[in-house]
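A quick write-up on the structure given underneath.
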Amino acid sequence: MPGAIPVPRPGAVADDGPKVMVLTGASRGIGHATVRLFAENGWRIITCSRQPFDRARCPWEEGPDDHVQVDLNDLRALNLAIVDIKARLAGRPLHALINNAGISPKAPDGSRLSSLTTPVATWTEVFNVNFLAPVLLARGLFDELKAGRGTVVNVTSIVGSRVHPFAGTAYATSKAALACLTREMAHDFAPHGIRVNAIAPGEIKTDILSPETEERLAPLIPMRRVGSPMEVASVLQFLCSDAASYVTGEEIHINGGQTL
Ligand SMILES: NC(=O)c1ccc[n+]([C@@H]2O[C@H](COP(=O)([O-])OP(=O)(O)OC[C@H]3O[C@@H](n4cnc5c(N)ncnc54)[C@H](OP(=O)(O)O)[C@@H]3O)[C@@H](O)[C@H]2O)c1
Numbered sequence: 001m002p003g004a005i006p007v008p009r010p011g012a013v014a015d016d017g018p019k020v021m022v023l024t025g026a027s028r029g030i031g032h033a034t035v036r037l038f039a040e041n042g043w044r045i046i047t048c049s050r051q052p053f054d055r056a057r058c059p060w061e062e063g064p065d066d067h068v069q070v071d072l073n074d075l076r077a078l079n080l081a082i083v084d085i086k087a088r089l090a091g092r093p094l095h096a097l098i099n100n101a102g103i104s105p106k107a108p109d110g111s112r113l114s115s116l117t118t119p120v121a122t123w124t125e126v127f128n129v130n131f132l133a134p135v136l137l138a139r140g141l142f143d144e145l146k147a148g149r150g151t152v153v154n155v156t157s158i159v160g161s162r163v164h165p166f167a168g169t170a171y172a173t174s175k176a177a178l179a180c181l182t183r184e185m186a187h188d189f190a191p192h193g194i195r196v197n198a199i200a201p202g203e204i205k206t207d208i209l210s211p212e213t214e215e216r217l218a219p220l221i222p223m224r225r226v227g228s229p230m231e232v233a234s235v236l237q238f239l240c241s242d243a244a245s246y247v248t249g250e251e252i253h254i255n256g257g258q259t260l
């Protein structure tokens, strides 16, 4: 059939070396668990976050060499980071981009920032990190993703589709926009052999949670507990595998039944 996209063989890789991933926000939480899981499975992971690489926290091989220190709120720095990532790839294909880094600012007293109280500067920062950086990275690394018949996974949130007691309005709207962007990108990237999906975690035990989240919300979740970062990483592993070779434009919810 003219123009048809070839169906990959199960287990096929685009080249001989290890599969390669770019992952933002690897220093803690969901990103940290994801690097651990993929590194154990032989992937090379190029990580991006604001802090320098910390070998004590991040015990994976090649970590310091494959860490790009960048503030995703600084769009000029992001362009330089893309150049840096391309240099590290050195012409090799990219098999996955996971846009995981995200911020959820609170008021100085820890309270929720609403549509009435969110400062414009906060709104801009949240949209730069949570929404613009994912699409700029995917566009910047398009050729490498295409060469690797790669996949993009955007980390959205349960908060993109319902008001939350702690997460603020800027965060919620950025995640709703990211879910919509996932659908748009899936449509635009599919003819080039690149799948684009999202995962929407509920309450996962990481630093991003407000202190009282577990105590207040766990009893309301049908599974009666918050999730672990590794329970999110394992879904990312599925989406980046050939088992998901015909899945694109989806948002998979990981929340213990919180939205039922
Ligand atoms: N935990 C949850 O319950 C939950 C629920 C729904 C969705 N999510 C989403 O899941 C993703 C990961 O969340 P998490 O809970 O693992 O968060 P986390 O523990 O707070 O970690 C956030 C990561 O993002 C990086 N990061 C933050 N701002 C950045 C910036 N400006 N530039 C570059 N990197 C930056 C941080 O590294 P540095 O500090 O080194 O920059 C860190 O590695 C986020 O997108 C979040 O919105 C989480």
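Here the sequence shown stands for residues 1 to 260, where the numbers follow full-length UniProt numbering.
Using N, Cα and C, we set each Cβ at its ideal position, and we do this for glycine too.
Model, not experiment: these values are computed from the prediction.
Heavy atom of ligand 1 within 7 Å of Thr206 beta-carbon: For the purposes of this step, residue 206 is taken as the residue at position 206 of the sequence shown. At least one heavy atom of ligand 1 is nearer than 7 Å to the Cβ of Thr206, so yes.
For Arg44, the first and last residue of its enclosing beta strand (DSSP E): Residue numbering aside, residue 44 sits at position 44 when the sequence shown is read from its first letter. Arg44 to Ser49 is the extent of the beta strand (DSSP E) around Arg44.
Counted within 10 angstroms of its Cβ, other Cβ atoms place Val68 as buried (16 or more) or exposed: Here residue 68 refers to the residue found at position 68 when the sequence shown is read from its first residue. It counts as buried.
Length of the line joining the Cα atoms of Val129 and Pro222: Here residue 129 is taken as the residue at index 129 of the sequence shown, counted from 1. Here residue 222 is taken as the residue at index 222 of the sequence shown, counted from 1. If I take the Cα positions, the gap works out to 31 Å.
For Thr248, three-class secondary structure by DSSP: Taking the first residue of the sequence shown as position 1, residue 248 is located at position 248. Reduced to three states, the DSSP call for Thr248 is coil.
Status (buried if at least 16 other CB within 10 Å, exposed otherwise) for Ser104: Within the sequence shown, residue 104 is the residue found at index 104, counting from 1. With 16 or more Cβ atoms within 10 Å of its Cβ, Ser104 is classed as buried.
DSSP-derived helix/strand/coil call for Arg92: Position 92 of the sequence shown holds residue 92. Of the three classes helix, strand and coil, the one that applies to Arg92 here is coil, per DSSP.
Rounded Cβ spacing between Ala167 and Val159 (contact assumed at less than 8 Å): Taking the sequence shown and counting its residues from 1, one reaches residue 167 at position 167. Taking the sequence shown and counting its residues from 1, one reaches residue 159 at position 159. Sure, about 4 Å apart at Cβ, within 8 Å.
Residues near Phe127 by beta carbon distance below 6 Å, same chain, minus five either side: Position 127 of the sequence shown, counted from the first residue, corresponds to residue 127. Taken in chain order, the residues that qualify are Ser174.
Inter-residue spacing [alpha-carbon to alpha-carbon] between Gly140 and Ala133: Against the sequence shown, residue 140 aligns to sequence position 140. Against the sequence shown, residue 133 aligns to sequence position 133. About 10 Å.
Option in Ala101, Ala243, Thr169 and His187 with minimal Cα separation from Leu113: Working through the sequence shown from its first residue, we reach residue 113 at position 113. That would be Thr169, whose Cα lies nearest to the Cα of Leu113.
Nearest residue (CA-CA) to Arg55, options Asn41, Glu40, His32 and Leu75: The count along the sequence shown starts at 1 and reaches residue 55 at position 55. Measuring from the Cα of Arg55, the nearest candidate turns out to be His32.
Sub-8 Å separation of Arg225 and Gly193 beta-carbons: Taking the first residue of the sequence shown as 1, we reach residue 225 at position 225. Taking the first residue of the sequence shown as 1, we reach residue 193 at position 193. Not a contact, by the Cβ cut-off of 8 Å.
Burial state of Gly17, where buried means 16 or more other Cβ atoms lie within 10 Å: Taking the first residue of the sequence shown as position 1, residue 17 is located at position 17. Classification of Gly17: exposed, given that the 10 Å Cβ count is below 16.
The beta strand (DSSP E) enclosing Ala170, as first and last residue numbers: For this step, residue 170 is matched to residue 170 along the sequence shown. From DSSP, Ala170 is part of no beta strand (DSSP E) but of the alpha helix (DSSP H) over Thr169 to Phe189.
Neighbourhood of Val135 by C-beta distance below 8 Å, restricted to the same chain and skipping five residues each side: Taking the sequence shown and counting its residues from 1, one reaches residue 135 at position 135. The answer, listed in chain order, is Leu181 and Met185.
Local Cβ density within 10 Å of Phe238, reported as buried at 16 or more and exposed below that: Translated into positions along the sequence shown, residue 238 becomes position 238. By the C-beta density criterion, Phe238 is exposed, having fewer than 16 other C-beta atoms within 10 angstroms.
Close-in-space but distant-in-sequence residues of the same chain around Met1 (CB under 8 Å, 5 per side omitted): As a working mapping, residue 1 is identified with position 1 in the sequence shown. For Met1, the predicted model reports a pLDDT of 39, less than 50, meaning its position is unreliable; a value from the coordinates is still stated below. Taken in chain order, the list of residues that qualify is empty.
Of the residues Leu97, Glu215, Ala101 and Val83, the one placed nearest Asp71, counting alpha carbons only: Position 71 of the sequence shown, counted from the first residue, corresponds to residue 71. Per the Cα distances, Ala101.
Any non-hydrogen atom of ligand 1 closer than 7 Å to Thr34 Cβ: Numbered from its first residue, the sequence shown carries residue 34 at position 34. Not so, every heavy atom of ligand 1 lies at least 7 Å from the Cβ.
Candidates Arg28, Ile82, Leu78 and Arg162, of which the one nearest Ala176 by Cα: As a working mapping, residue 176 is identified with position 176 in the sequence shown. Among Arg28, Ile82, Leu78 and Arg162, the Cα nearest to that of Ala176 belongs to Arg162.
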